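Enquirer:
Chains as they are written, first to last, in the working numbering: chain A, 35 to 358; chain B, 35 to 358.
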């Protein structure tokens with residue numbers, strides 16, 4: 035049965051660059067292998083940024099090289115700018131994602147560029163891609179699309195206009211990110227619908243956070259209006275998804291459980307996915323990871339959307355570092 | 035602006051009867067006062083069960099008497115059977131709620147009665163109400179409606195049939211409860227829709243749990259198909275809503291935040307609601323309480339659905355016992 039939703043695992047990038055420790059390369063490769071073995075078919079494996087700024091990502095080219103060997107996997111990397119895109123293309127990624135702030139205040143504070151300058155950057159990246167690597171997919175992720183901790187409300191018109199500008203600049207997909215955990219389901223439905231009305235199939239992934247507990251409700255809302263790609267992070271890595279001030283990514287395990295329980299195949303095996311936590315924890319000893327389905331286990335009588343039954347309803351234990 | 039959703043606070047019953055400690059009566063009254071002051075207009079204040087079985091509820095008649103003095107408050111109590119209903123009516127409750135298991139296995143294990151016997155019990159309670167207190171509202175809450183930890187899947191036909199039987203027995207409202215935290219949004223939409231197709235306006239509250247992180251997503255799903263009354267518990271009292279084996283009620287604070295952020299007035303003031311946690315904690319020192327909105331605070335630029343702005347985006351601190 036074909037997967038009806040694509041879970042895009044961002045832990046090896048978003049998660050790892052948000053924690054203090056650096057995961058050794060061998061552990062990264064083992065973790066990505068385990069995520070792939072669990073059925074994940076898109077993984078953001080790292081970001082192409084100067085190693086002096088983000089030592090956790092110094093080995094990104096090596097990680098990309100390994101990830102490319104995994105059958106059927108779309109290997110994605112974040113790039114902050116054209117220079118990063120050049121390195122990513124040279125390393126052989128399948129997909130580039132570039133964050134573009136919907137909030138001008140956030141854009142200036144974060145990358146010291148205006149939104150218009152970032153649209154230009156995307157245009158140059160697309161030109162590079164067209165020339166050197168026409169098969170590489172270019173995604174722009176609109177961060178702070180649902181609100182900004184600096185400027186507060188981000189006008190929806192700004193988000194829609196920026197999405198149109200990015201599509202015109204040649205980005206294949208434009209996703210919406212709730213960077214600050216401010217989204218609510220009504221807003222998610224409204225904004226994705228408005229963006230889709232303008233740019234149609236260029237509408238990309240929902241990257242939603244769980245800062246105020248609304249992560250899965252917001253994913254459901256996005257699904258309801260046609261979103262089929264969802265970013266999430268194994269174990270909510272990169273900040274406690276249940277606490278403030280943290281990255282608070284939606285937990286992959288809980289997201290997969292929700293869709294599978296709803297009868298929407300994700301292609302992901304929850305038992306193997308929880309098993310992959312062992313590889314994550316081996317590479318980041320003591321780092322807390324989260325997730326409610328891994329703790330509660332599968333429901334009695336659970337069947338996957340494709341009709342398979344799990345081997346066990348109790349999921350593998352994840353002792354060290356797990357929330358209790 | 036009229037409240038568009040009714041939050042039915044179950045903490046003083048569901049929460050308090052699930053913890054080991056007994057909250058002193060004076061603290062219960064102060065807590066209920068604080069919940070009422072925050073704008074809650076329906077509170078399940080206790081259950082009419084033998085005090086030797088549930089010492090936490092020995093003072094229920096006194097609590098009801100006090101709660102009746104609060105303007106505009108619907109005072110609800112749980113009753114397990116006719117005897118309890120007699121006591122509740124005598125104490126002066128406005129609304130009785132009786133749990134009826136949708137799972138035969140759960141019904142036998144829990145109350146040693148079949149579902150048919152429970153329908154009979156409701157019929158007798160309705161007769162009692164009609165005779166002695168025609169203004170009292172009788173609700174039946176279908177527990178294990180979304181799955182049972184004993185029998186696993188609960189056939190949806192069973193739930194619908196039982197809802198119809200309870201409506202025919204004279205119950206005013208029939209709610210659906212995810213006692214075991216097994217519901218998913220697709221199921222919530224399907225089952226509430228099926229029940230409403232059969233019993234129309236007798237369709238009652240959604241009582242949903244957060245055992246696997248889906249609590250708010252399930253509330254959203256229920257709202258989408260017309261549910262307007264939602265049970266929840268302040269601070270998720272009565273079990274960790276983020277862990278297995280626990281009661282895992284949806285956290286009132288997070289639920290109110292979701293609806294208000296969506297532009298749906300609840301009538302509840304989040305700052306005063308978080309302030310009410312102080313009264314809860316005073317009566318149950320050391321008992322952990324939960325909630326992500328209380329920790330994260332309101333979003334920058336937050337406005338209530340009725341257009342009011344909060345005094346502060348940072349919510350009152352709840353030090354002792356709060357999750358960190």
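All C-beta atoms in this analysis are idealised placements derived from N, C-alpha and C, irrespective of residue type, glycine included.
Just so it is clear, the structure is predicted and the values come from calculations on it, not from any experiment.
Quick one, which residues of the segment 210-240 of chain A are near chain B if we go by CB-CB under 9 Å, in chain order?
Expert: 214, 215, 216, 217, 218, 219, 220, 221
Enquirer: Can you check DSSP and say which residues form a bridge with residue 129(B)?
Expert: Here residue 129(B) refers to the residue found at position 95 of the second chain. Its beta-bridge partners are 110(B), 171(B).
Enquirer: Assign residue 5(B) to one of two classes, buried (16 or more other C-beta atoms within 10 Å of its C-beta) or exposed (fewer than that).
Expert: Outside the shown range of chain B, which is 35 to 358, sits residue 5(B), and nothing can be said about it.
Enquirer: Let's test the definition: count the other Cβ atoms within 10 Å of the Cβ of residue 227(A) and tell me whether it reaches 16, buried, or not, exposed.
Expert: Taking the first chain and counting its residues from 1, the one referred to as residue 227(A) is at position 193. By the 10 Å Cβ count, residue 227(A) comes out exposed.
Enquirer: Cα-Cα, which of 59(B), 65(B), 41(B) is closest to residue 309(B)?
Expert: For the purposes of this step, residue 309(B) is identified with residue 275 of the second chain, where counting begins at 1. Of the listed residues, the one whose Cα sits closest to residue 309(B) is 65(B).
Enquirer: What are the boundary residues of the beta strand (DSSP E) that residue 347(B) is part of?
Expert: If you number the second chain from 1, residue 347(B) lands on position 313. From DSSP, residue 347(B) is part of no beta strand (DSSP E); its letter is neither H nor E.
Enquirer: Step through the CB atoms of chain A and report whether any lies within less than 9 Å of the CB of residue 152(B).
Expert: Here residue 152(B) refers to the residue found at position 118 of the second chain. Chain A contact via Cβ: absent.
Enquirer: Could you name the residues that DSSP lists as bridge partners for residue 253(B)?
Expert: For the purposes of this step, residue 253(B) is identified with residue 219 of the second chain, where counting begins at 1. The partner list for residue 253(B) (beta bridge, DSSP) is empty, contrary to what the question assumes.
Enquirer: Excluding the 5 residues flanking residue 171(A) on each side, which residues of the same chain have their C-beta closer than 6 Å to its C-beta?
Expert: Indexing the first chain from 1 puts residue 171(A) at position 137. Same-chain partners within the cutoff: 129, 206.
Enquirer: Assign residue 268(A) to buried or exposed, taking buried as 16 or more other Cβ atoms, counted over all protein chains shown, within 10 Å of its Cβ.
Expert: Here the question's residue 268(A) lines up with position 234 in the first chain. Under this definition residue 268(A) is a buried residue.
Enquirer: With a CB to CB cut of under 8 Å and the five nearest residues on each side skipped, what residues in its chain are close to residue 235(B)?
Expert: As a working mapping, residue 235(B) is identified with position 201 in the second chain. There are no such residues.
Enquirer: Where residue 244(A) and residue 44(A) are concerned, what is the direct C-alpha to C-alpha distance, given to the nearest angstrom?
Expert: Indexing the first chain from 1 puts residue 244(A) at position 210. Indexing the first chain from 1 puts residue 44(A) at position 10. Straight-line Cα distance between these residues: approximately 15 Å.
Enquirer: Candidates 346(A), 246(A), 259(A): which alpha carbon is nearest residue 238(A)'s?
Expert: Along the first chain, read from residue 1 onward, the residue named residue 238(A) stands at position 204. It is 259(A) whose Cα lies nearest to the Cα of residue 238(A).
Enquirer: Could you have a look at residue 148(B) and say whether DSSP puts it in helix, strand or coil?
Expert: In the second chain, residue 148(B) corresponds to position 114, counting from 1. Coil, per DSSP.
Enquirer: On the DSSP letters alone, give me the boundaries of the alpha helix (DSSP H) that residue 293(B) sits inside.
Expert: Walking along the second chain from the start, residue 293(B) turns up at place 259. Its alpha helix (DSSP H) spans residues 286-295.
Enquirer: To the nearest angstrom, how far is the alpha carbon of residue 318(B) from that of residue 57(B)?
Expert: Translated into the one-based positions of the second chain, residue 318(B) becomes position 284. Translated into the one-based positions of the second chain, residue 57(B) becomes position 23. Approximately 6 Å between the Cα atoms of the pair.
Enquirer: Is residue 254(A) close to chain B? Criterion is C-beta to C-beta, closer than 9 Å.
Expert: Counted from its first residue, the first chain places residue 254(A) at position 220. So yes, residue 254(A) belongs to the interface.
Enquirer: Using the beta-carbon count (16 or more within 10 Å), is residue 202(A) buried or exposed?
Expert: Taking the first chain and counting its residues from 1, the one referred to as residue 202(A) is at position 168. Counting Cβ neighbours within 10 Å, residue 202(A) comes out exposed, since fewer than 16 surround it.
Enquirer: Going by beta carbon distance, what residues of the same chain come within less than 7 Å of residue 332(A), once the five residues before and after it are set aside?
Expert: Taking the first chain and counting its residues from 1, the one referred to as residue 332(A) is at position 298. So the qualifying residues of the chain are 304, 344, 347, 349.
Enquirer: Please list the residues of the segment 286-306 of chain B that have a C-beta atom closer than 7 Å to any C-beta atom in chain A, keeping them in chain order.
Expert: Residues of the segment 286-306 of chain B whose Cβ lies closer than 7 Å to any Cβ of chain A, in chain order: 288, 291, 292, 295, 296, 297.
Enquirer: Rounded to whole angstroms, what is the Cα-Cα separation between residue 175(A) and residue 94(A)?
Expert: Translated into the one-based positions of the first chain, residue 175(A) becomes position 141. Translated into the one-based positions of the first chain, residue 94(A) becomes position 60. C-alpha separation (whole angstroms): 20 Å.
Enquirer: Give me the residue from 183(B), 179(B), 80(B), 141(B) with the minimum Cα distance to residue 122(B).
Expert: The residue you call residue 122(B) lines up with position 88 of the second chain. Closest option to residue 122(B), Cα to Cα, is 80(B).
Enquirer: Any idea what DSSP makes of residue 226(B), helix, strand or coil?
Expert: One-based indexing of the second chain puts residue 226(B) at position 192. It is helical.
Enquirer: Could you check whether the segment 102-112 of chain B touches the segment 324-341 of chain B, counting it as contact only if at least three pairs of C-beta atoms, one from each stretch, sit closer than 8 Å?
Expert: In short, these stretches do not touch, since the Cβ pair count stays below three.
Enquirer: Check the C-beta distance from residue 378(B) over to residue 114(B) and give it rounded, since I have them as a contact under 8 Å.
Expert: Nothing about residue 378(B) can be read from this structure; chain B reaches only from 35 to 358.
Enquirer: Given this structure, state the Cα-to-Cα distance separating residue 127(A) from residue 330(B), to the nearest angstrom.
Expert: Translated into the one-based positions of the first chain, residue 127(A) becomes position 93. Translated into the one-based positions of the second chain, residue 330(B) becomes position 296. Whole-angstrom Cα-Cα distance: 36 Å.
Enquirer: Could you tell me the distance, in whole angstroms, from the CA atom of residue 83(A) to the CA atom of residue 72(B)?
Expert: The count along the first chain starts at 1 and reaches residue 83(A) at position 49. The count along the second chain starts at 1 and reaches residue 72(B) at position 38. Each residue's alpha carbon lies about 48 Å from the other.
Enquirer: What number of angstroms, rounded off, separates the C-alpha of residue 1(B) from the C-alpha of residue 46(B)?
Expert: The structure shown has nothing for residue 1(B), since chain B only spans 35 to 358.
Enquirer: Taking only three categories from DSSP, how would you classify residue 314(B)?
Expert: Locating residue 314(B) in the second chain gives position 280, where the first residue counts as 1. Residue 314(B) falls in the helix class under three-state DSSP.
Enquirer: Taking Cβ-Cβ distances below 8 Å as the criterion, which residues of the segment 325-348 of chain B are in contact with chain A?
Expert: 325, 326, 327, 329, 330, 331, 333, 334, 335
Enquirer: With a threshold of 16 other CB atoms inside 10 Å of the CB of residue 270(B), please say whether the residue is buried or exposed.
Expert: Here residue 270(B) corresponds to residue number 236 of the second chain, with the count starting at 1. Buried, by the Cβ-count rule.
Enquirer: Anything in chain A within Cβ reach of residue 251(B), meaning under 7 Å, just list it in chain order.
Expert: Mapped onto the second chain, residue 251(B) falls at position 217. For residue 251(B), the residues of chain A that pass the 7 Å Cβ criterion are 250, 251, 254, 292, in the order they occur in the chain.
Enquirer: If you reduce the DSSP assignment to three classes, tell me which class residue 206(B) lands in.
Expert: Here residue 206(B) refers to the residue found at position 172 when the second chain is read from its first residue. Looking at residue 206(B) - three-state DSSP - the assignment turns out to be coil, as it is neither helix nor strand.
Enquirer: What is the DSSP secondary structure of residue 137(B), reduced to helix, strand or coil?
Expert: Within the second chain, residue 137(B) is the residue found at index 103, counting from 1. Correct three-state label for residue 137(B): coil.
Enquirer: Enumerate in chain order the residues of its own chain whose CB-to-CB distance from residue 221(A) is below 7 Å, with the five nearest sequence positions on each side excluded.
Expert: By 1-based counting over the first chain, the position of residue 221(A) is 187. Same-chain partners within the cutoff: 180.
Enquirer: Please list the terminal residues of the continuous beta strand (DSSP E) segment that includes residue 237(B).
Expert: Within the second chain, the letter at position 203 stands for residue 237(B). First-last of the beta strand (DSSP E) with residue 237(B): 237-241.
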